[in-house]
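Per this note's numbering, residue 1227 is the first one in the sequence shown, and the count goes up by one each step. Cβ atoms here follow ideal geometry from the backbone N, Cα and C, with glycine treated the same way. As structure tokens, the structure follows; a few thoughts come after it.
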Amino acid sequence: MVRLFVALDFPPSVRERLTGLAGGVPGARWVAPENLHVTLRFIGEVDDARLDDIDLALGRVDAPAFPLVLEGVGRFGRGARPHALWAGVAPSPALNHLQSKIESALVRAGLAPETRTFLPHVTLASLKLSPLERVARFLAERALFRAGPIAVEQFGLFESHLSHNGSIYHLLRAYRLAPAASGPNAAA
């Protein structure tokens, strides 16, 4: 059995910008730089035979490359119980299109449809009993965060290994996107 997800990875310069946001929140467990990504679809545990079907389906996804901008920060969790900090993704029809194509391909490969709404973000930290005022200060001080545009030219299938020190991610396969259209007739 392997635990899988589909995601966008970042170049070192973007990871550096994201890790520069870390700090100032007691009880935060910051994501390791090499694990920063935008999840496009969590798959979960599958057997090795199904892995081949997933790989084949993702290899058939046809979508163009596009620029992506990260902007702002936020938190998950209600009221006085925040449980994660994240960096946001600027609205991107191209990202939504890619995610939709991936979802369709995985459903055709036999996976159950995703029931959660796609909310693109980069998880920065998980929180455990972090003081609400420190979380609020983190959000206020980093509200104007912006990185990009980042050239998205591929997406990847990742394996996740859970350990007592956190998750370890390993890229199994990268899938290239079609070259982005350019010139006067290109869609904006």
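Asked                                                                                                                 : Found
Burial state of residue 1325 (16 or more Cβ within 10 Å)                                                              : buried
Minimum C-alpha distance to residue 1238 - residue among 1355, 1339 and 1377                                          : 1377
Candidates 1247, 1281, 1255 and 1250: closest to residue 1391 by CA position                                          : 1255
Contact under 7 Å by Cβ, residue 1244 with residue 1313                                                               : yes
Cβ separation of residue 1253 and residue 1353, assumed to be a contact under 8 Å, to the nearest whole Å             : 6 Å
Sequence-distant residues of its chain with Cβ nearer than 6 Å to residue 1400 (five each side left out)              : 1380 and 1382
Buried or exposed by the 16-neighbour rule on C-beta atoms within 10 Å, applied to residue 1356                       : buried
Segment contact, 8 Å Cβ cut-off, at least three pairs: the region 1329-1339 with the region 1291-1306                 : no
Limits of the unbroken beta strand (DSSP E) element including residue 1344                                            : Premise fails: residue 1344 is in no beta strand (DSSP E) and is neither H nor E.
DSSP-derived helix/strand/coil call for residue 1251                                                                  : coil
Limits of the unbroken beta strand (DSSP E) element including residue 1393                                            : 1392-1402
Other residues of its chain near residue 1308: CB distance less than 6 Å, five sequence neighbours each side excluded : 1301, 1353 and 1361
Any non-hydrogen atom of the ligand ZN within 6 Å of residue 1383 CB                                                  : The ligand ZN is not among the ligands present in this structure, which contains no ligands whatsoever.
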